[in-house]
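Colleague: The structure is given below, and queries will be raised subsequently.
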Amino acid sequence: MMTRTARRGHESKWPWIIPACAATGVLTILLLALGAKGAEVSQTLSLGVGIIGCLISVYFQKTEAPLPSLQPWWYWLLSVVPLAILAVAVGWWLFIHKPDEHVTDLVHIPPNGQEVHDQGEVLVTLPVSNDSTASFGWDNLALTLRLVNPKSVGNCVTPATLDITPILDGKQGDTVKKVSSETEVHLPLDGAKRRISARVVVHLPDPSCVVNLTVSEAVLFN
């Protein structure tokens, strides 16, 4: 009788693993859906989760007596469930979700993007093959622009701001104002079919300042 009671007490400690594995799979899918942002979030969480996991394992090793081996059906269940969740996550990632696409090298900045003065305008474009974006069907563009001071002296970049207006199929979208250098902005593509571009207005507090406009990063994502 004592053995059966101990065995039932032991088995009752294990069912929490299944919902824990399910929650892990759901969290993995959500992080995959975030793309590059999901990678940043996972990297931030991994350190804390790893430290807490090590502390918990050390604590239970010191406070609990060794547990008897699992029943065969429990062993197979605990082995199959995580693999099934992982297979679902990987299948969703490969066949349903579309990974982010880095297009930094494809963004075109015209010659007037060099030595831009205060209130200067630059039209940044994303060339697409056959002048059509319908083939890839992205929802958003994450754009990070960088200002560079061509001179060795002068504080021109830090106080400078940018006004970025997306132009999709010739139609202007909402302007994102007062964007600093190296700050990421998300521009909705709103189902653009022909052309993606953005008009950038540079604001320099010092009229004597001159800056070069470059693209630090451009990522298409859903």
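So in the numbering used here, the last spot in the sequence shown is 203, and the numbers never skip. We put the CB at the ideal spot given by N, CA and C, even for glycine. The structure displayed is predicted, hence computed values, not measured ones.
What are the boundary residues of the beta strand (DSSP E) that asparagine 121 is part of?
Modeller: 121 to 129 is the span of the beta strand (DSSP E), which, as asked, contains asparagine 121.
Colleague: Helix or strand or just coil, what does DSSP make of aspartate 144?
Modeller: The answer is strand: DSSP assigns aspartate 144 an E or B state.
Colleague: When DSSP labels each residue in this structure, what does asparagine 136 get in the three-state scheme?
Modeller: Looking at asparagine 136 - three-state DSSP - the assignment turns out to be coil, as it is neither helix nor strand.
Colleague: Per DSSP, what are the beta-bridge partners of asparagine 193 in this structure?
Modeller: According to DSSP, asparagine 193 bridges with Val129.
Colleague: For threonine 156, which residues of its own chain have a beta-carbon under 8 Å away from its beta-carbon, when the five flanking residues on both sides are left out?
Modeller: Hits under 8 Å: Asp144, Ile145, Thr146.
Colleague: Run through DSSP, which three-state label would proline 84 get?
Modeller: The amino acid at residue 84 is misidentified as proline; the sequence shows valine. The answer is coil: DSSP assigns valine 84 none of H, G, I, E or B.
Colleague: Please report the straight-line C-alpha distance between serine 162 and aspartate 171, rounded to a whole angstrom.
Modeller: Using only the alpha carbons, I get a separation of about 25 Å.
Colleague: Grab me the residues of alanine 179's own chain with a C-beta within less than 6 Å of its C-beta, minus the 5 sequence neighbours each way, in chain order.
Modeller: Excluding positions up to five away in sequence, the list reads Val105, Ile145, Pro147.
Colleague: Over what stretch of residues does the beta strand (DSSP E) that includes alanine 179 continue unbroken?
Modeller: Here the beta strand (DSSP E) through alanine 179 covers 177 to 184.
Colleague: Is it right to say threonine 85 is buried, meaning 16 or more other beta carbons lie within 10 angstroms of its own, or is it exposed?
Modeller: Result: exposed.
Colleague: So for leucine 201, helix, strand or coil by DSSP?
Modeller: The answer is strand: DSSP assigns leucine 201 an E or B state.
Colleague: If I measure Cβ to Cβ from glycine 72 and keep anything under 6 Å in the same chain, skipping five residues before and after, which residues do I get?
Modeller: Closer than 6 Å at Cβ, skipping near neighbours: no residue.
Colleague: Where lysine 152 and alanine 70 are concerned, what is the direct C-alpha to C-alpha distance, given to the nearest angstrom?
Modeller: Each residue's Cα considered, the two are about 38 Å apart.
Colleague: Out of Gly31, Val129, Ser133, Thr164, point me to the one whose CA is closest to histidine 98's CA.
Modeller: Among Gly31, Val129, Ser133, Thr164, the Cα nearest to that of histidine 98 belongs to Val129.
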